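Asks:
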Amino acid sequence: MSAIIELSGISKQFPGVRALDNVEFSVEPGETHALMGENGAGKSTLIKVMTGALQPDGGTIRLAGKEIRPESPGAARAAGIGAVYQEVNLIPTMSVTKNLTLGRLPRKFGLIDWSAARAIAKAKLARLGVDIDVERPVGSYSVAIQQLIAIARALEDDARVLVLDEPTASLDANETERLFEIIRDLKARGLGIVFISHFIDQVYRISDRITVLRNGRRVAVGTVEEIPSLKLVSLMIGRELEHVEHQRPSTETVTSSKPILTAKSVGRRRLLEPFELDLRPGEVVGLAGLLGSGRTETAKLVFGAIRHDSGEIAIDGHPSSSHSPKSSLMAGITFCPEDRKSEGIVPELSVRENIILALQSKRGWLHLLSRKEQERLTAEMIAALNIATPDAEKPVGQLSGGNQQKVLLARSLVSNPRVLILDEPTRGIDVGAHAEIVTLIRQLAAKGMALLVASSELDELLTVSHRIEVMRDRRMVGEISGAEATREKIIQTIAAAS
Amino acid sequence: MKFAHWLTGTVFGASMLLAGAPAHAVTIGFSQVGDEGDWRPAFSKDMQDEAKKEGIDLKFADAQGKEEEQLKAVRAFIAQKVDAIIIAPVVVTGWEQVLREAKRAGIPVFLADRDVDVTDKSLTVTRISADFNLEGRLAGAWLAQASKGQCNVVELQGTVGAAPAIERKKGFEAITSQFPEIKIVKSQSGDFTTEGGKKVMEAFIKSTDNLKGICGVFAHNDNMQLGAIQAMKEAGLNPGKDFLLVSVDYVPAMKDELAKGEASASVELRSAIGKYIYPVVLNYLKDKKELPRWIKIPSDLHHAAAPND
Amino acid sequence: MSTPTPGTPASPKPAAEQAQPSALKALLRHRLVWPILALVLVLIVDAIISPGFFQIRIVQGRLFGNLIDILYRGMPPAMIALGMAVVISTKGIDLSVGSIIAVTGAVMAWRIHEGDSHYVILLTALCVGLACGLWNGFLVSVLEIQPIIATLILMVSGRGIGLMINLLYGGTNPSFTSPLLQGLSTGNLGLVPTRLVVGAVMIVLVWLLVRRTAFGLFLESVGGNAKSAWLSGVSSRLILLSAYLISGLMTAVAAIILTADTHTSDPVTSGLYSELDAILAVVIGGGSLAGGRIYLDGTIIGVLVIQALTTSILTSGLPPEYNLVVKAVVVLIVLLLQSANTRAAVVSLLARRKG
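Chains as they are written, first to last, in this note's numbering: chain A, 1 to 498; chain B, 1001 to 1309; chain C, 2001 to 2355.
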C-alpha cells in the first residue's frame, strides 16, 4: 500500500534550536498514525510543516505521490490536508454556519445565499454524525461539540489527511468514545489520520502505527504491537520510567492536624450545591468527577475566584468575610487554573515576570522585588521545576504547553503558599513532565502544604491524593480515602449517585 | 487709542444704502450654519439685532453644521410662506431641489457668506458677503505701501484647502506681484490657530537665521499672527517695530496688539453685516430689480497708531 | 544563594565569523533600533536640505536652534504620549486627551479671569486632568465600557465643555497673562527652557512609577491577560482606573504648557488631533495596541520622530500642501520597519548576504 502523505528528510531550524532534523513520516490511507514525543520534541513543528503553517528548510512532502509545497494552512486544506489544533480555532461569537462556511460562502446573484450556507454546514456536520442547530453561536456549545465543529471545518469534501492535535484534551470519556467512532468512520473512508495525544491508553486504542520524536529526530516508528507502552514512554523521554502508579500516600499522618481552610456548606446558586471541605497541612485532597461535574467550580470557589452565596469559608478558624483571589493570596492560598491560555499565563511577559506576578501582588505595588531577587527566585524555580527555557527573559507565550504549566506552578510556589489549589495540573503535558508534577505534589504535601487537586485523570488522583472528593452534577457525592480508593470505587460512587 | 480707517473696499450695489423701512412687517427666514468660532455667533446676533431695528419678523434657524437640518429649515420657511429666505450654506452642493421649491413658491433666496453650486443661477437672487480675495488685496496693498514696495515676506497660511486661505493668498499675491521687490520667501500653514502660528514662526526664525532680511509677515488670520508675535518676542525680535505684521480678522486681542504697536495692521472681517444684507433684501422685495450675482461687503483695514516708516 | 549557571560551555567556534553576523542580527532585533534609525534618518535629511539645522546658539540667554525646538515642541506631546503608553499597555486607548487639553485650558483661563492664585490654578489644572481621567477610568474599569467608546464620550463632549466654560464669563478665546504659568511654558532656567526641565521631571516620575514600583508589571499583566492578573491577586479594576488617571494627569501637564504658551483658551483647536500623534508615538516606539507591554523609552523616541518630522517640514520650505503626505509616508516607513514581518525579512536578507 502506498502512503497518502509522505514527508521525507524534513528539517527546520529555529534560532538556536534545530526543531526538526531529517525527519521521515508517512501515513497510509485508512491508517491512524500516532505522533508521540515530549514537549519540544518537534511534534508541533512537524504538523505545522505538514499543514503549511511553516516552511521546512529541507525535505519534501508528497501527497498521494505528488510533491506539494503548501504555503499556508488554507493551501494545505485545499490540497486535502485538514488540521484541528488543541486550542480550538473557531470564532465563538459567530454562528456554526458562519464558522463552517467562512471564506467559502455560497453566493446567489452576488449575495450570500444563507440557506445554501446552512445546508452546507449541516452536510459537513452530518458526515461526522452530528446534528445540531447551526444558527447558534459556536461558543454556546460544549467544548466537545466545538471540537467536532472544528473537525467538520477542517475536512474539505475531498480531504485525504486529517491531523488531530490533542483532540481529546477537553473531552470526557463518553465524548472521547464518540470522537473515536468518528475517527474509525473516517478511516474506513480511506482518510489518513495523524493523532497526537498525551493519553497513552487512547493512543493504543485508536492507532495503527506510532512514530516517536525526540529532540527533533525520529527515534522510532512501528506498529502498536511493535512498540508497547513501556517502551514508548522510555523512547519518548529517553530513559527508563520509574513506576509511580498507585503508590498511594499513607493517610495516618495528616488526619489529626488542624485544618488551614474549612468550607462549611459553601455553595453558589445554580452553580454548585453546598459542600463541606477541610484542607489540612500535609494532605492532598483530590476532586474527581466527569467533565462538567463541578470540579473546576469547586476549586475556584475555594480560592475565591467564584464568589459563594451560601455557607462560610474559614481560614485558620477565622471566617473570611470577603473571599477573593487577593484575600486568598494574602492568606497563603494559591491557585493554578485549568485554562492556561485564558486564565493562566500572561503571554507577552517573560518567564521571570510571570513567575513573580503573584508574589509581587502579595507584596503590593510599592514594594517591588529587586531585579536581583526576581532573578534569583526565577532561577530557583526554573531549576526546581526543570522548566525548559533558554533564559528567564523569554516571553512565556513562546514556551511549550508543559513548560507554561510549570511556569504557572512556579508562580504559585514562589509565594510560599500554605494551600495550593491545582486544577488539571497535567492537562496537555507530556509524560516526563507529568511524572515530575506528580512527584512534586507529593513532595509539597510531605513538606506540610495542603493541596486540593482537581483532575479528570483518575490514575493521577489515586496516585497523589490522601482523600478524594467525588463530584457529580455540581454536587459533592462522596468521599473516598485510604485503601478503598480505587478506580472502580470512584466510578461506582459517581454511578451510584444518580 | 486711535484707529484710522485707512482704506475702504470697493463697494458694489450702492443702492443698499438707500433702503428705507417697509410699510408692513416683512417676514424673512434666515438659516445659519451653526455657532462655531467667534465670528459666526456675532454674525447671528447682529442679524437678529438688525432685524429688530428694521422691523423685520426674522425666523432664525441654526443648522448646527448639518446639511439636512438646513434643508429642513429652508423647507419649513417655504411652508410658512415667508417673504424672503437668507441662507448661509453649510455646504456648497445639493441645493438645486430645495431652491427650485422656493422659486415655485415665489420666495426669493439670498445667500450670505458662502456660495452654492447650482447650474441655474436664477435660483438665487444674489450673494451678499465679504470677499476673502479683497481682504488679501487690502493686506497686500497696505504692505506694499508701508514697505515702499520693497519687502521679503513670510506668510502664515490658513488651513490647506480652506476657501479663506486660498482667496486671501490669491488676493495678496495679486497686489504684491505688481512689485518686483516684494517676495514671499517662506510660506507655511499654521492651521488658523495661535499655536500653529507660533510653531511655524519658530521654524521660520530658525531657518532664516532670526528673520535676517525679512521685513514683513502676512498671516491669513489674527490668531496665527498672535502666535507669530509671541514666537518673535521669545526669540528677542521686535514685531511691529522691526517687522511689518499684517493679518486678517481684527479680533479683540489683535486690537490690543495694534495698540501696543506689536502688530502693524489687520483687515477687519465684519460680523455686523446685517446692515448690509437687509437693505438689499428689502429693496428687492419692493422693486424686484435684478441685482449683481455678488454684492461684496466692504472690508476695512486698521493699523497701529504709529506705523513704522 | 547564587544563580545556577547553565552547565554547557560555549562551543569553540571560529569567533570572527560567528560573532559578526550574530551581533548585527541581535542589534537589528533590538526593539529600539528602528525608531532610533528613523529619527537619525529624519535628522540626516534635515542636515542635507537645510544647512545649519543642528546649529545651537544662545539667544536672549537661552539655548536656541532647531534641535532645541524639537525638544521644546515635543515636550507636550511627550507628556500625552507617556500617559497614552500607560493606557495602551492595559489594552486600552484614550481618545479624549485632546479634549482634556481643551477643558483644562478653558478652566485655567477662567480661574485666572476670576483672580485665583496662580499656584492654586496650577493645582486646579492638574485636578481637572485627574477628574477627566477618573471619568474615563470609571467608565472603563467599573462600568466595563470598551475604552474606545468610553473615551469617545469625553472626546466629543470635552470641546463643548471648554466652550461653555469660556462663555461663563462672556469670553470667546479669552487671553490672559500669568508670569508663573507662562514662565513654566516659555521661560527658561539658566540656558534651558523651563518646560524641558518640567518634562524631564515628569518623565523620571513616570519611569519611577512604572519601573521602580510593581505598577508597571501590574499594568502589563492586566493588559496581557486581565483574568490571569486578577487570579494572581492584581486588582485589575484599580490598575485600569489608575492608568486613565495617569493619562489625565499627564495630559493636564501638557495642557498647562500648551495653554500658557499661547496664553489663550481656544477649546475648538487646542490639542486637536493630539490623541492621534500620541498613539502614533507609542506605536512607533514599539508598543502594540493589543496591550501587554509598555516602552517608555520607545515612546519618547516616537514623539521625537514625529516632532523632528514636523519641525523639518516647517523649515524645509516645502509647500504646506505636502505636509501631511510627507508625514504619512515617513510614518508608514517607520511602521513597516517596526512590523515583525518586514523586520524578519530584512534580518534574513542581511543574514543571507553575510552567510
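Where is the CB? At the ideal position from N, CA and C, for every residue including glycine. Quick caveat, the model's predicted, so the values are computed rather than measured.
Taking Leu1285(B) and Val1026(B) to be in contact with their CB atoms under 8 Å, please state how far apart those CB atoms are, rounded to whole angstroms.
Replies: 6 Å between Cβ atoms; contact.
Asks: Taking Ile2256(C) as the reference, give the member of Ala2047(C), Ile2112(C), Ile2088(C), Glu2220(C) with the closest Cα.
Replies: When each option's Cα is compared against that of Ile2256(C), the closest is Ile2112(C).
Asks: Can you tell me whether His434(A) is helix, strand or coil according to DSSP?
Replies: Residue state, collapsed to three classes: helix.
Asks: Quick one: is Glu2321(C) near chain B, going by C-beta distance under 8 Å?
Replies: Interface residue, yes.
Asks: At a Cβ threshold of 8 Å, is Trp2135(C) touching chain A?
Replies: No - not a single Cβ of chain A is within 8 Å of the one on Trp2135(C).
Asks: Using a Cβ cut-off of 8 Å (strictly closer), state whether Gly1136(B) contacts chain C.
Replies: It does not; no Cβ of chain C falls within 8 Å.
Asks: Identify which residue in Thr51(A), Glu343(A), Glu6(A), Pro15(A) has its Cα closest to the Cα of Pro29(A).
Replies: Comparing Cα positions, the closest option is Glu6(A).
Asks: Let me see if you follow: with CB-CB separation under 8 Å, is Lys1081(B) close to chain C or not?
Replies: No, its Cβ sits nowhere closer than 8 Å to a Cβ of chain C.
Asks: Tell me the start and end of each unbroken beta strand (DSSP E) in the stretch 403–468 of chain A that is at least 3 residues and wholly inside, in chain order.
Replies: Whole beta strand (DSSP E) segments, 3+ residues: 419–423, 450–454.
Asks: In chain E, which residues lie less than 8 Å from Gly2285(C) when you measure between Cβ atoms?
Replies: Protein chains A, B and C are contained in the structure displayed, whereas chain E is not.
Asks: If Gln2060(C) and Gly1274(B) are in contact, beta carbons under 8 Å, what's the gap, nearest whole angstrom?
Replies: With a Cβ gap of about 47 Å, Gln2060(C) and Gly1274(B) do not count as contacting.
Asks: What does the alpha-carbon distance come out to for the pair Ala1156(B) and Met1232(B)?
Replies: Just to set this straight, residue 1156(B) is Leu in the shown sequence, not Ala. Cα to Cα, Leu1156(B) sits roughly 14 Å from Met1232(B).
Asks: Quick test of your reading: Asn2323(C) and Ile2313(C), contact by CB under 8 Å. State the CB separation rounded to the nearest angstrom.
Replies: Correct: roughly 5 Å between the Cβ atoms.
Asks: I think Ile468(A) touches Ile480(A), with their Cβ atoms under 8 Å apart; what is that distance to the nearest whole Å?
Replies: Their Cβ separation, rounded to whole angstroms, is 5 Å, which keeps Ile468(A) and Ile480(A) in contact under 8 Å.
Asks: Beta-carbon separation of Pro281(A) and Gly397(A) under 8 Å?
Replies: No, Cβ-Cβ distance for Pro281(A) and Gly397(A) is not below 8 Å.
Asks: Can you name the residues of chain B whose CB is closer than 7 Å to the CB of Asp2266(C)?
Replies: Residues of chain B passing the Cβ test: Thr1193, Thr1194.
Asks: So which residues on chain A does Val2033(C) lean against when the C-beta distance must stay under 9 Å?
Replies: Chain A residues near Val2033(C): none, gap ~17 Å exceeds 9 Å.
Asks: Considering only residues of the same chain and omitting the five flanking positions on each side of Pro92(A), which have a CB-CB separation below 6 Å?
Replies: Within the same chain, Pro92(A) has close Cβ partners Val138, Gly139.
Asks: Pull the bridge partners of Ile81(A) from the DSSP assignment, please.
Replies: Per DSSP, Val161(A).
Asks: Sort Lys394(A), Leu368(A), Pro319(A) by Cα distance to Pro347(A) and report the nearest one.
Replies: Residue Lys394(A) is the option with its Cα nearest to Pro347(A).
Asks: Pull up the distance between the alpha-carbon of Val438(A) and that of Val233(A), whole angstroms please.
Replies: About 16 Å.
Asks: Can you pull out the residues from the stretch 1213–1236 of chain B whose beta carbon lies closer than 9 Å to at least one beta carbon of chain C?
Replies: From the stretch 1213–1236 of chain B, only Asn1223, Leu1226, Gly1227, Gln1230, Glu1234, Ala1235, Gly1236 have a Cβ closer than 9 Å to chain C.
Asks: Would you report the Cα separation of Pro1022(B) and Leu1058(B), rounded to the nearest angstrom?
Replies: With a pLDDT of only 44 at Pro1022(B), under 50, the local geometry of the prediction cannot be trusted, and the value read off the model is given with reservation. Cα to Cα, the separation comes out at about 14 Å.
Asks: Closer than 9 Å by beta-carbon distance: list the chain A residues that pair up with Gly2212(C), in chain order.
Replies: Strictly speaking, residue 2212(C) in this sequence is Arg, with Gly absent from that position. Correct list: Leu368.
Asks: What residues from chain C crowd round Glu1036(B), counting only those whose CB sits closer than 8 Å?
Replies: In chain order: Val2268.
Asks: Pairs of beta-carbons, one from the stretch 1122–1142 of chain B and one from the stretch 1280–1300 of chain B, closer than 8 Å: are there three or more?
Replies: Judged by Cβ distances under 8 Å, the stretch 1122–1142 of chain B makes contact with the stretch 1280–1300 of chain B, as three or more pairs qualify.
Asks: Cβ of Gly2105(C) less than 8 Å from any chain B Cβ?
Replies: Closer than 8 Å: no.
Asks: Under three-state DSSP, which class holds Phe303(A)?
Replies: Correct three-state label for Phe303(A): helix.
Asks: Which term fits Ile149(A), buried or exposed, when burial requires 16 or more other beta carbons within 10 angstroms of its beta carbon?
Replies: The residue in question, Ile149(A), is buried, as its Cβ has 16 or more Cβ neighbours within 10 Å.
Asks: Which one or two residues does DSSP pair with Met471(A) in a beta bridge?
Replies: Answer by DSSP bridge pairing, in chain order: Met476(A).
Asks: Rounded to a whole number of angstroms, what is the C-alpha to C-alpha distance between Met381(A) and Lys300(A)?
Replies: Met381(A) and Lys300(A): Cα-Cα distance of roughly 25 Å.
Asks: Between the stretch 2224–2243 of chain C and chain A, which residues of the former have CB atoms less than 8 Å from a CB of the latter, in chain order?
Replies: Within the stretch 2224–2243 of chain C, the residues whose Cβ lies closer than 8 Å to some Cβ of chain A are Gly2224, Asn2225, Lys2227, Ser2228, Ala2229, Trp2230, Leu2231, Ser2232, Gly2233, Val2234, Ser2235, listed in chain order.
Asks: Less than 8 Å between the beta carbons of Pro325(A) and Gly304(A), yes or no?
Replies: Yes. Within cutoff.
Asks: If we ignore side chains and look at the alpha-carbon of each, how far apart do Ser2270(C) and Phe1172(B) end up?
Replies: Looking at the two C-alpha atoms, the distance is approximately 28 Å.
Asks: Taking C-alpha atoms, which residue in Ala1253(B), Glu1257(B), Ser1247(B), Lys1255(B) lies nearest to Gly1136(B)?
Replies: Out of Ala1253(B), Glu1257(B), Ser1247(B), Lys1255(B), Ser1247(B) has the C-alpha closest to the C-alpha of Gly1136(B).
Asks: When the distance is taken between beta carbons, is Ala154(A) closer than 8 Å to Arg77(A)?
Replies: It is a contact, given that the beta carbons lie within the stated cut-off.
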